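Residue numbers (my numbering): 142 to 499.
Below is one structure, written out as structure tokens; the observations come after it.
Have a look at this one:
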């Protein structure tokens with residue numbers, strides 16, 4: 142019911158999610174119960190840290206990777222089995238389903254983490270770059286989720302999609318990547334609505350700029366792409382980026398920034414917490430929360446002004462006050478009394494607006 146109401150006021154709910162989901166998270170679970178989780182893209186960065194933290198907490202982790210050396214490394218970790226899975230290859234996904242079924246543990250959780258990044262101005266981007274990026278970030282999530290959904294439904298488990306603050310933000314050069322994460326946000330909402338009737342909860346985790354290999358991988362791809370043409374009006378930016386990438390790689394820079402431990406904790410909460418949230422914003426700096434909140438508010442206000450059915454400032458804040466306890470966890474959509482209370486409020490709120498228009 143909560144997601145149904147949220148559909149009517151997406152922007153406002155996004156603001157509440159951003160405002161309220163910045164606190165540290167901790168999971169409520171029984172350590173050692175050996176619930177099994179599959180994490181795609183578990184070789185480095187967020188995927189690797191999450192896999193290691195969950196395994197250390199006593200859960201069994203199927204860690205997705207593509208290369209033999211990475212598979213060997215992951216198999217050395219207790220409570221972990223490496224699974225060869227390239228999210229762009231259906232045959233590997235199908236083989237992973239077969240393998241995990243054969244293990245007999247079932248599957249409680251799926252973490253769609255595998256992702257790539259490509260940077261280019263929209264009017265200079267190549268269609269092949271779009272294809273590559275969306276094949277991993279969007280269609281990869283679709284393929285893996287569809288393949289493992291029967292196992293998750295059987296266990297009444299959890300799905301966690303690793304989105305990004307770029308699921309809210311965008312900017313010059315990041316249109317392709319942000320577009321893929323905006324798509325993932327919409328997919329997450331739809332999937333959550335569809336699977337709620339089967340006892341499955343779906344969450345999105347929106348990390349900020351934590352230490353990750355994704356930027357270095359993007360740099361390597363940019364330097365190795367001999368077919369890339371110049372960026373026309375934006376060529377000076379491309380040259381700056383090439384110079385920066387070469388400098389970083391020559392210096393042996395690997396993972397710059399804050400380690401993503403907080404992201405892993407958010408994933409653990411989403412997978413095993415008693416009351417999982419719909420969204421988790423996890424950022425290493427206050428300014429990143431500020432960017433994201435400001436953008437959500439800007440979009441909400443832009444949608445609200447200049448048309449016949451816009452709401453007043455007081456009406457908007459009345460709605461925010463009513464929804465705040467649900468976003469903060471003080472009330473729950475799953476509680477029948479809370480759900481009834483909010484439904485009645487929404488009906489009265491909308492009817493009042495309708496009567497004023499008459």
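Idealized CB from N, CA, C, for every residue including glycine.
Small disclaimer: the values here were computed from a predicted structure and weren't measured.
Comparing alpha carbon positions, the residue from 336, 298, 303 and 270 closest to residue 324 is 303. Of all alpha-carbon atoms in 316, 244 and 220, the one lying nearest the alpha-carbon of residue 263 is that of 316. In the three-state scheme derived from DSSP, where H, G and I count as helix and E and B as strand, residue 310 is classed as coil. When the Cα atoms are used, residue 247 and residue 366 turn out to be separated by approximately 42 Å. In this structure, residue 349 and residue 306 form a Cβ contact; the two beta carbons are roughly 5 Å apart against a cut-off of 8 Å.
Fully enclosed alpha helix (DSSP H) runs of no fewer than 4 residues occupy 268 to 278 and 280 to 296 of the segment 236 to 307, in order along the chain. A buried status is given to residue 204, since no fewer than 16 other beta-carbon atoms sit within 10 Å of its beta-carbon. By the Cβ-count criterion, residue 458 is exposed, with fewer than 16 other Cβ atoms from all chains shown falling within 10 Å of its own Cβ. Here residue 254 is near residue 181, since their CB atoms are less than 9 Å apart. The beta carbons of residue 492 and residue 198 sit no closer together than 9 Å.
Considering only 379, 231, 376 and 437, the residue with the shortest C-alpha distance to residue 308 is 437. Annotation for residue 422: the continuous beta strand (DSSP E) segment containing it runs 420 to 423. Separation of the CB atoms of residue 281 and residue 352 is rounded to 22 Å, and the pair is thereby denied contact status at 8 Å.
Between residue 345 and residue 421, the gap from beta carbon to beta carbon is short of 9 Å. Looking at the DSSP output, residue 452 bridges to nothing. Cβ-Cβ separation between residue 423 and residue 435: approximately 18 Å, too far for a contact (criterion under 8 Å). The secondary-structure analysis by DSSP pairs residue 221 across a beta bridge with 202.
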